[in-house]
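Student:
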Amino acid sequence: MTDKPSKKSKKPLDYPMDTFGTRAAAKARKLANGLTREQRQEHFRRAMVLMYGGELKETSSAGH
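Position one of the sequence shown corresponds to residue -16 (this note's numbering), numbered consecutively onward.
#1: Can you tell me whether Met31 is helix, strand or coil according to DSSP?
#2: Between the C-alpha atoms of Tyr(-2) and Arg6, what's the straight-line distance to the nearest angstrom?
#3: Provide the residue span of the alpha helix (DSSP H) that contains Leu14, from first to last.
#4: Are the CB atoms of Val32 and Glu25 nearer to each other than 8 Å?
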């Protein structure tokens, strides 16, 4: 058996625990968890239209 050399110990990253992005993401997750299946499908459809432009020709089978 060959022993691999040990990796250098990484410095601990010094990130703030609470930022605008973490608060916004938590709020978005909380709001998204309260959506019904139909609301999720509509948001997904709108996101696809926003990304790809125009109206979608058929219903997505992604299950979102």
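Just so you know, even glycine gets a beta-carbon here, dropped at the ideal spot from N, CA and C. Just so it is clear, the structure is predicted and the values come from calculations on it, not from any experiment.
Tutor: The answer reads as follows:
#1: helix
#2: 14 Å
#3: Phe3 to Asn16
#4: no
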